[in-house]
Amino acid sequence: MSASRFIKCVTVGDGAVGKTCLLISYTSNTFPTDYVPTVFDNFSANVVVNGATVNLGLWDTAGQEDYNRLRPLSYRGADVFILAFSLISKASYENVSKKWIPELKHYAPGVPIVLVGTKLDLRDDKQFFIDHPGAVPITTAQGEELRKLIGAPAYIECSSKTQQLVHAECEGSFRCSHQSRPSTTQAKEKEEQSTKGLFYIVIVTGVRSLCVTHVPFLSSHCSLRSLI
28 MSASRFIKCV TVGDGAVGKT CLLISYTSNT FPTDYVPTVF DNFSANVVVN
78 GATVNLGLWD TAGQEDYNRL RPLSYRGADV FILAFSLISK ASYENVSKKW
128 IPELKHYAPG VPIVLVGTKL DLRDDKQFFI DHPGAVPITT AQGEELRKLI
178 GAPAYIECSS KTQQLVHAEC EGSFRCSHQS RPSTTQAKEK EEQSTKGLFY
228 IVIVTGVRSL CVTHVPFLSS HCSLRSLI
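For the sequence shown, my numbering begins at 28 and goes up steadily by one.
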């Protein structure tokens, strides 16, 4: 089935926060074990909304400073950004507002942003912090505070390794893009209205339900539905 619409979603964030792992986990349900710094790469996934197939283009970028000049080339035509930081790295958390928001506002003003905290599985891993005494965990409250600070419509925490809420993150970015675009025809208005207030989340066995609040276009109690 051919897609009726294409949405370009670009991931940004510090190097080694797990951007590539997140996209690979979403598109292939596998977790890569070796870290290879990304220059540019892209993935593609089809999702079905109200019977219509939408192609979600996922663009991966390099967070290292060496690519500061090259990276913005991938921002052109972006419908939504996934801005990722690691839940076990205070530096990556602080760089969201110090580095990434200024960059996105400069090169892609007005494009919606989904804030994502990665490596959720390690935040409660006591052994990890014993082995890495310099690591500082970021709480959900801190993530929500950052979301408000940068004006992002959504904040999600996930783990690519366990796939905990990975699909929520990618499909949440699709929803932000979908709702941010004004409709130009009656048909589009009807489509937008029919999806308003829905937030699709794939629930992994053993994961408690997640309710996303403080998101303008979402209902206070999220609808749970698998797009897979």
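The beta-carbon is built from N, C-alpha and C at its ideal position, and this holds for glycine as well.
In the three-state reduction of the DSSP assignment, Cys48 falls in the helix class. When the five nearest sequence neighbours on each side are left out, the beta carbons in the same chain lying within less than 6 angstroms of the beta carbon of Ser119 are those of Asp41, Val44, Phe112, Ser113, in order along the chain. Counting C-beta atoms within 10 angstroms of its own C-beta, Ser101 has 16 or more neighbours from the protein chains shown and is therefore classed as buried.
The C-beta distance from Asp87 to Thr47 rounds to 5 angstroms, short enough to meet the 8 angstroms contact threshold.
A Cβ-Cβ separation of about 24 angstroms leaves Leu142 out of contact with Leu97 under the 8 angstroms criterion. The bridge partners DSSP lists for Ala72 are Leu83. DSSP links Val107 through a beta bridge to Cys36. Taking the CA atoms as reference points, Pro180 sits about 24 angstroms from Arg150. Short of 6 angstroms from the beta carbon of Glu184, and not among the five residues preceding or following it, lie these beta carbons of its own chain, in chain order: Gly144, Leu147.
Straight-line measurement puts the Cα of Ile165 at about 12 angstroms from the Cα of Phe156. For Asn69 against Gly90, the beta-carbon gap comes to about 16 angstroms, at or over 8 angstroms, which does not count as contact.
By the neighbour-count criterion, in which 16 or more other beta carbons inside 10 Å mark a residue as buried, Pro139 falls on the buried side. Here DSSP, grouped into helix, strand and coil, assigns Ala181 to strand. Here Ile128 is actually not in contact with Ala162; their C-beta atoms are around 24 angstroms apart, not less than 8 angstroms. In terms of CA proximity to Leu176, Val123 leads the group Leu49, Val123, Arg103, Gly78. Taking Thr167 as the centre and dropping the five residues before and after it, the same chain places no C-beta closer than 6 angstroms to its C-beta.
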